[in-house]
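Engineer: Quick one: the structure is below, questions incoming.
Protein chains: 2
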Amino acid sequence: MNNTDIDNINTRHHRRMQRKKELMDQKIEAAQRETGVLVINCGNGKGKSSSGFGMVMRAMGHGMKVGVVQFIKGAMSTGEEVFLRRFPDEVQFHAMGEGYTWNTQNRERDIEKALAAWEQAKRFLSDPEIGMVLLDELNIALKYNYLDVQQVIADLDGRPEMQHVIVTGRGAPPELIEVADTVTEMQVIKHAFKDGIVAQAGIEW
Amino acid sequence: MNNTDIDNINTRHHRRMQRKKELMDQKIEAAQRETGVLVINCGNGKGKSSSGFGMVMRAMGHGMKVGVVQFIKGAMSTGEEVFLRRFPDEVQFHAMGEGYTWNTQNRERDIEKALAAWEQAKRFLSDPEIGMVLLDELNIALKYNYLDVQQVIADLDGRPEMQHVIVTGRGAPPELIEVADTVTEMQVIKHAFKDGIVAQAGIEW
Chain A
1 MNNTDIDNIN TRHHRRMQRK KELMDQKIEA AQRETGVLVI NCGNGKGKSS
51 SGFGMVMRAM GHGMKVGVVQ FIKGAMSTGE EVFLRRFPDE VQFHAMGEGY
101 TWNTQNRERD IEKALAAWEQ AKRFLSDPEI GMVLLDELNI ALKYNYLDVQ
151 QVIADLDGRP EMQHVIVTGR GAPPELIEVA DTVTEMQVIK HAFKDGIVAQ
201 AGIEW
Chain B
1 MNNTDIDNIN TRHHRRMQRK KELMDQKIEA AQRETGVLVI NCGNGKGKSS
51 SGFGMVMRAM GHGMKVGVVQ FIKGAMSTGE EVFLRRFPDE VQFHAMGEGY
101 TWNTQNRERD IEKALAAWEQ AKRFLSDPEI GMVLLDELNI ALKYNYLDVQ
151 QVIADLDGRP EMQHVIVTGR GAPPELIEVA DTVTEMQVIK HAFKDGIVAQ
201 AGIEW
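For the protein sequence lines, the chains are A and B, in the order given. For what it's worth, full-length UniProt numbering labels the leading residue of the first sequence as 1, then goes sequentially. For what it's worth, full-length UniProt numbering labels the leading residue of the second sequence as 1, then goes sequentially.
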């Protein structure tokens with residue numbers, strides 16, 4: 001490319017970006033409502049829980065207090081748990097599961113654990129001091145009907161107005177998606193596990 | 001339901017979970033290779049960068065040193081930046097962008113910034129002390145051809161064997177997806193912004 005070509009590319013880029021900025025400004029102008037949001041990360045792909053913990057980090061950066069309840073996880077120590085336990089004044093961390101359903105193999109005990117975890121979740125959902133609540137793998141407890149989705153929705157509805165809630169896990173029930181503000185489906189394009197790579201510290205746990 | 005029905009449900013659940021555990025054990029047995037992985041978070045949905053920062057948190061929980069380069073972000077302070085600057089011995093944080101392309105509107109200057117950010121990325125990619133490198137929004141710099149994808153891939157290939165790299169942003173180039181280990185596409189099911197809710201502290205930044 002000669003200099004004139006490059007100049008043309010740069011000029012076209014500038015014009016395209018000016019138009020895009022006008023559109024973006026209009027959208028931003030239209031979106032000014034401040035409220036606590038309900039975010040759901042579902043799907044089979046990687047990134048559901050890690051995205052939740054990334055938002056926990058952001059919230060901590062803004063000085064918010066955070067409550068974490070892990071519904072299925074709890075049988076083994078994870079990087080996120082070790083890390084967040086360093087900040088007992090900022091984060092209350094409760095890993096209240098006993099492992100995946102195929103490891104526990106005991107529906108009655110899973111239900112007991114899920115109900116206890118929901119009691120903890122409710123304590124966070126009624127505390128206006130908590131700016132963000134992460135309910136990790138809650139979708140799985142709902143998928144197996146360990147918890148009643150209508151009761152869960154009622155408790156979420158009753159939370160403080162500015163409190164954010166993040167729900168993660170495969171199989172989010174349609175009723176929960178309906179009442180959520182932001183829902184992302186993590187889709188697998190490829191996964192290292194299928195190529196024989198073990199779940200790596202720092203990446204998966 | 002009477003007690004016999006519930007017993008039946010519980011027994012069926014137990015049998016199904018036993019079978020699932022056998023399958024999972026086989027898969028875990030087959031996946032034992034330890035290596036640094038290249039993870040890509042792409043797509044238009046929420047969760048790409050936040051998942052990256054969640055993995056940063058996990059890595060820190062495992063005592064790894066982390067390097068972060070933000071390619072587009074840098075014009076405004078974010079929760080993740082404020083938070084991670086608390087740990088200068090654990091995380092090196094470089095926000096080297098000047099905002100989205102429609103804000104900068106200057107292709108030549110964007111390229112200059114992207115090249116400088118890649119120089120910093122290369123320093124991390126040649127340092128075996130760094131266990132995880134997060135290249136936030138790198139995909140956008142590649143999509144606009146601000147950086148040469150083949151050069152980027154060559155530099156990624158040459159990194160220490162156990163180093164994990166996370167790349168985020170819309171529009172991941174096919175060549176990069178090809179060489180990655182784990183790729184997730186974040187798909188929008190719904191987004192609060194469209195309902196008039198402003199980008200919320202703790203959630204989006």
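We put the beta carbon where it would ideally sit given N, CA and C, even for glycine. As the structure is a prediction and not an experimental result, all values here were calculated from the model.
Give the DSSP bridge partners of R33(A), in chain order.
Structural biologist: The partner list for R33(A) (beta bridge, DSSP) reads I197(B).
Engineer: Residues bridged to L135(A) by DSSP?
Structural biologist: According to DSSP, which records beta bridges pairwise, L135(A) is partnered with V69(A), V167(A).
Engineer: Taking only the alpha-carbon atoms, compute the straight-line gap between H13(B) and N106(A) and give it to the nearest angstrom.
Structural biologist: Their backbone Cα atoms lie some 8 Å apart in a straight line.
Engineer: Taking the C-alpha atoms as reference points, what is the distance between V56(A) and M132(A)?
Structural biologist: V56(A) and M132(A): Cα-Cα distance of roughly 7 Å.
Engineer: Would you kindly report the start and end of the unbroken beta strand (DSSP E) that includes A95(B)?
Structural biologist: Looking at the DSSP string, the run of the beta strand (DSSP E) that includes A95(B) is 91-95.
Engineer: With 7 Å as the C-beta to C-beta threshold (strictly closer), list the residues of the segment 137-164 of chain A near chain B in chain order.
Structural biologist: If the cut-off is 7 Å between Cβ atoms, the segment 137-164 of chain A has H164 near chain B.
Engineer: Of the residues M96(A), I197(A), R16(A), H191(A), which one's Cα is nearest the Cα of A117(A)?
Structural biologist: Closest by alpha carbon: M96(A).
Engineer: Which residues, in order along the segment 71-82 of chain B, keep a beta-carbon less than 8 Å from a beta-carbon of chain A?
Structural biologist: Within the segment 71-82 of chain B, the residues whose Cβ lies closer than 8 Å to some Cβ of chain A are T78, G79, E80, E81, V82, listed in chain order.
Engineer: Find the nearest neighbour of E175(B) within the set Q92(B), S126(B), I40(B), G36(B), judged by alpha-carbon distance.
Structural biologist: That would be I40(B), whose Cα lies nearest to the Cα of E175(B).
Engineer: Comparing alpha-carbon positions, which option in T78(A), R123(A), G54(A) lies nearest Q92(A)?
Structural biologist: The shortest C-alpha separation from Q92(A) is found at R123(A).
Engineer: Counting Cβ pairs closer than 8 Å, one from the segment 180-193 of chain A and one from the segment 179-195 of chain B, do we hit at least three?
Structural biologist: A contact exists between the segment 180-193 of chain A and the segment 179-195 of chain B.
Engineer: Using beta-carbon positions only, say whether H164(A) and V82(B) come within less than 9 Å of one another.
Structural biologist: It is not a contact, given that the beta carbons lie outside the stated cut-off.
Engineer: Does any residue of chain B bring its CB to less than 9 Å from the CB of D181(A)?
Structural biologist: D181(A) counts as touching chain B.
Engineer: Closest to E161(B) by C-alpha separation, out of E80(B), M60(B), D127(B), would be which residue?
Structural biologist: Cα-wise, what sits closest to E161(B) is D127(B).
Engineer: Could you spell out where the alpha helix (DSSP H) holding Q151(A) opens and where it closes?
Structural biologist: Counting along the chain, the alpha helix (DSSP H) containing Q151(A) begins and ends at 149-157.
Engineer: Beta-carbon within less than 8 Å of V153(B)'s beta-carbon, same chain only, minus the 5 sequence neighbours each way: which residues are those?
Structural biologist: Note that residue 153(B) is Ile in the sequence shown here, rather than Val. Here the set comprises E175, L176, V179.
Engineer: In chain order, what residues of the segment 176-202 of chain B put their CB closer than 9 Å to some CB of chain A?
Structural biologist: Taking 9 Å as the Cβ-Cβ cut-off against chain A, the residues of the segment 176-202 of chain B that qualify are I177, A180, D181, T182, V183, T184, E185, M186, Q187, V188, I189, K190, H191, A192, F193, K194, D195, G196, I197, V198, A199, Q200, A201, G202.
Engineer: Going along the segment 90-104 of chain A in order, which residues come within less than 7 Å of chain B, judged by CB to CB distance?
Structural biologist: Within the segment 90-104 of chain A, the qualifying residues are T101, W102, N103.
Engineer: Are the CB atoms of T168(B) and K48(B) nearer to each other than 9 Å?
Structural biologist: Against a cut-off of 9 Å, the Cβ pair of K48(B) and T168(B) comes out as a contact.
Engineer: Taking a contact to mean a Cβ-Cβ separation below 9 Å, would you say A114(A) touches A141(A) in this structure?
Structural biologist: Yes, the Cβ-Cβ distance between A114(A) and A141(A) is below 9 Å.
Engineer: To the nearest angstrom, how far is it from the Cα of C42(A) to the Cα of L134(A)?
Structural biologist: Their backbone Cα atoms lie some 14 Å apart in a straight line.
Engineer: Look at the alpha carbon of Q32(B) and the alpha carbon of E98(A), and state the distance between them as a whole number of angstroms.
Structural biologist: Their backbone Cα atoms lie some 23 Å apart in a straight line.
Engineer: Thinking C-alpha only, which one of V37(A), G52(A), T4(A) is nearest L84(A)?
Structural biologist: L84(A) has its Cα closest to that of G52(A), out of V37(A), G52(A), T4(A).
Engineer: Taking just the CA atoms, how far does D110(B) sit from R170(B)?
Structural biologist: Rounded to the nearest angstrom, the two C-alpha atoms are 17 Å apart.
Engineer: Under the assumption that G54(A) contacts S77(B) (Cβ atoms under 8 Å), give the Cβ distance between them as a whole number of angstroms.
Structural biologist: That belief does not hold up - the Cβ atoms of G54(A) and S77(B) are roughly 16 Å apart, past 8 Å.
Engineer: Smallest Cα separation from Q187(B): which of K143(A), N44(A), I203(A)?
Structural biologist: Taking only the C-alpha atoms, the option nearest Q187(B) is N44(A).
Engineer: Which chain B residues sit within Cβ distance under 7 Å of E108(A)?
Structural biologist: In chain order: N10.
Engineer: Following the continuous alpha helix (DSSP H) through E81(A), name the residue where it begins and the one where it ends.
Structural biologist: Here the alpha helix (DSSP H) through E81(A) covers 79-84.
Engineer: Along the segment 18-44 of chain A, what residues have a CB closer than 7 Å to any CB found in chain B?
Structural biologist: Within the segment 18-44 of chain A, the qualifying residues are Q18, K20, K21, M24, A30, A31, Q32, R33, E34, T35, V37, V39, N41.
Engineer: Applying the 10 Å Cβ sphere with the 16-neighbour rule, what's the burial state of K73(B)?
Structural biologist: Answer is buried; the Cβ neighbour count reaches 16.
Engineer: Given a cut-off of 9 Å on the beta-carbon distance, is the pair G202(A) and I130(A) in contact?
Structural biologist: Not in contact: G202(A) and I130(A) (Cβ atoms no closer than 9 Å).
Engineer: Which first and last residues belong to the beta strand (DSSP E) in which I189(A) is found?
Structural biologist: Start and end: 182-190.
Engineer: Mind pulling the chain A residues with CB within less than 9 Å of K65(B)?
Structural biologist: Correct list: empty, because the minimum Cβ distance to chain A is about 11 Å.
Engineer: Is I203(A) helix, strand or coil by DSSP?
Structural biologist: I203(A): coil per DSSP, three-state reduction.
Engineer: How many angstroms separate the CA atom of L156(A) from the CA atom of E112(A)?
Structural biologist: Distance between the alpha carbons of L156(A) and E112(A) is about 20 Å.
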